[in-house]
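Engineer: Heads up, the sequence shown is in our numbering, so the first residue is 18 and it goes up one at a time. Glycine residues also receive a C-beta, built at the ideal position from the N, C-alpha and C atoms. Next up is a structure, given as structure tokens.
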Amino acid sequence: MAAYFDYNATTPVHAAAREAWLKASDEHWQNPSSLYREAGLTAQALEAARERLADLLGVEPERVVFTSGATESNNTLFSGLAKCLAPDACVAISAIEHPCVREAARVWLGRHRVVEIPVNEDGVVEVEVLQDILKRHQPALVSIMAANNESGVLQPWQELLKVCRQTGVRFHTDAAQWIGKLKSTAFGACDYITGSAHKFGGSKGVGFLVVADADEAFPLFHGGPQEQSRRAGTENYPGIEAMVTALESVTPIIAEVSAKQTLLRDAFIMQMQTQFVGLRVISEGAPRLWNTVLMVMPRHDNLKWLTRLSRLGFAISTGSACSSGKEGSSAVVQALGASWEELRRVVRVSGGWETTVAEWQALAAAFAEAGQSLDSGGRPGI
Ligand code: PLP
């Protein structure tokens with residue numbers, strides 16, 4: 018592959034995380050719930066990993082529940098709320114949540130108990146809008162993602178959290194796209210935090226939910242007493258170790274990477290806007306993740322762009338991995354005011370921590386080549 022530009026869908030496993038996984042699998046493969054000495058050592062290593070993750074997030078270790086990823090974490094939260102809340106209580110979620118928040122909330126609580134918080138034309142939830150929702154609907158919980166997986170838009174979650182604090186409403190953030198890309202130690206102030214290892218160099222099928230109180234138990238899975246009876250099933254210690262190692266590896270370089278990659282991404286956008294008159298970058302005016310560009314191409318369907326670029330060796334996306342390839346397109350782009358016609362032309366490019374200037378430039382050149390081929394009606398085998 019010439020270059021990978023789909024980091025928001027998933028990331029390659031970080032070399033340090035791979036090493037950590039192998040070591041943990043060799044040295045601590047025993048079941049942490051078993052009672053012999055070696056299993057005890059695995060349990061100790063698991064708890065040490067919990068403490069290290071808690072440190073990186075600024076939370077108490079007892080609040081961390083390991084899961085299989087962000088989808089499970091979000092379903093755990095909303096299924097738990099469905100059990101705990103009064104039958105007429107509602108929750109408020111932003112209009113641009115990932116489907117595993119939106120659908121989990123709707124399925125577990127019922128559509129009528131899920132209030133949608135609109136975003137402005139940049140895809141951002143405004144403080145006044147949230148205040149109004151709190152006043153009108155008095156939700157038991159507000160859920161607003163930290164960074165959007167499609168547009169990369171960053172929410173002012175610290176301000177929104179403050180608004181919730183003033184009214185005693187609990188606050189959840191799905192931080193799957195933020196963690197590992199931006200500083201994360203302030204998340205501890207949130208009541209609930211969702212994270213996913215494969216978005217920052219860990220392996221797939223590992224993640225966590227940070228809960229408000231250590232003794233809060235609303236398991237999605239029922240069975241054994243693992244994770245303090247908050248998540249049944251043998252803990253995936255090697256995967257957890259790899260996740261924590263990946264986050265420890267990227268955290269110290271976040272500021273440097275963010276500054277450098279923002280420049281490379283913006284140079285790519287300039288190049289694209291020069292090559293394609295009429296190209297629109299969604300949420301261009303809002304603070305966004307340093308790696309993400311969601312753009313409406315001036316012509317041709319997104320799947321055609323994706324196919325041409327794939328043949329040239331570049332991996333991009335038509336939107337979130339969960340909606341790509343489906344009829345219609347993602348809720349987030351609709352929430353950002355794109356027309357149905359434009360939705361068919363939306364492509365997402367998301368780079369990584371080590372994406373080079375040459376790769377960004379090669380991607381822009383590949384778009385130019387693909388565009389020429391599409392304009393001339395050439396067959397996809399360019
Ligand atoms: N939340 C957000 C914001 C995401 O971007 C994703 C993955 O695309 C998920 C949740 C789902 O994560 P997982 O694959 O760990 O279930």
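Are M314 and V363 touching if we call contact CB-CB under 9 Å?
Structural biologist: As a first step, residue 314 is located in the sequence shown; it is residue number 297 there, counting from the start. As a first step, residue 363 is located in the sequence shown; it is residue number 346 there, counting from the start. Yes; because the gap between Cβ atoms is below 9 Å, this pair is in contact.
Engineer: Could you give the residue range of the beta strand (DSSP E) that holds Y209?
Structural biologist: By one-based count along the sequence shown, residue 209 stands at place 192. Y209: member of the beta strand (DSSP E) spanning 209-213, first to last residue.
Engineer: Would you list the one or two residues that DSSP bridges to S160?
Structural biologist: Here residue 160 corresponds to residue number 143 of the sequence shown, with the count starting at 1. According to DSSP, which records beta bridges pairwise, S160 is partnered with I110, H189.
Engineer: Rounded to the nearest angstrom, how far is the Cβ of A352 from that of A112, given a contact under 8 Å?
Structural biologist: Taking the first residue of the sequence shown as 1, we reach residue 352 at position 335. Taking the first residue of the sequence shown as 1, we reach residue 112 at position 95. With a Cβ gap of about 4 Å, A352 and A112 count as contacting.
Engineer: Hey, quick one: how far does the alpha helix (DSSP H) through M260 stretch, first residue to last?
Structural biologist: Residue mapping note: residue 260 aligns to position 243 of the sequence shown, counting from 1. Run containing M260: 254-267, per the alpha helix (DSSP H) assignment.
Engineer: State yes or no: is the C-beta of V81 within less than 9 Å of the C-beta of F204?
Structural biologist: Indexing the sequence shown from 1 puts residue 81 at position 64. Indexing the sequence shown from 1 puts residue 204 at position 187. Contact annotation: V81 and F204 have beta-carbon atoms that are not nearer than 9 Å.
Engineer: When the Cα atoms are used, what is the spatial distance from Q61 to R67?
Structural biologist: On the sequence shown, position 44 is the one that residue 61 refers to. On the sequence shown, position 50 is the one that residue 67 refers to. CA-CA distance, Q61 to R67, rounds to 10 Å.
Engineer: Closest by CA to P49, which one among H31, W370, N253, G368?
Structural biologist: The residue labelled residue 49 in the question sits at position 32 within the sequence shown. It is N253.
Engineer: With DSSP collapsed to three states, give me the class of I333.
Structural biologist: Here residue 333 is taken as the residue at index 316 of the sequence shown, counted from 1. Coil.
Engineer: Count the other CB atoms, across all protein chains shown, that sit within 10 Å of the CB of A109; report buried if there are 16 or more and exposed otherwise.
Structural biologist: For the purposes of this step, residue 109 is identified with residue 92 of the sequence shown, where counting begins at 1. Buried is the call here.
Engineer: Between which two residues does the alpha helix (DSSP H) containing E145 stretch?
Structural biologist: For the purposes of this step, residue 145 is taken as residue 128 along the sequence shown, with counting starting at 1. Taken as a continuous stretch (DSSP letters only), the alpha helix (DSSP H) holding E145 covers 144-154.
Engineer: Have a look at L391 and N166 and give me their C-alpha separation to the nearest angstrom.
Structural biologist: Numbered from 1 along the sequence shown, position 374 holds the residue referred to as residue 391. Numbered from 1 along the sequence shown, position 149 holds the residue referred to as residue 166. Computed Cα separation, rounded: 28 Å.
Engineer: Ignore the nearest five residues each way along the sequence and tell me which others in A338's own chain have a CB closer than 6 Å to its CB.
Structural biologist: Here residue 338 refers to the residue found at position 321 of the sequence shown. The predicted position of A338 is uncertain, since its pLDDT is 46 and thus under 50; a value taken from the coordinates is nonetheless stated next. Here the set comprises A26.
Engineer: Go to M312, then tell me how far its beta strand (DSSP E) extends in each direction, as first and last residue.
Structural biologist: As a position in the sequence shown, residue 312 is number 295, starting the count at 1. From DSSP, the beta strand (DSSP E) with M312 extends over 309-313.
Engineer: Can you grab the Cα-Cα spacing for the pair C101 / N92, in whole Å?
Structural biologist: Residue 101 sits at position 84 when you count from the first residue of the sequence shown. Residue 92 sits at position 75 when you count from the first residue of the sequence shown. Using only the alpha carbons, I get a separation of about 14 Å.
Engineer: Do E120 and ligand 1 come close, with the Cβ less than 8 Å from some heavy atom?
Structural biologist: If you number the sequence shown from 1, residue 120 lands on position 103. Exclusion of E120 from the 8 Å shell around ligand 1 follows from its C-beta lying no nearer than that to any non-hydrogen atom of the ligand.
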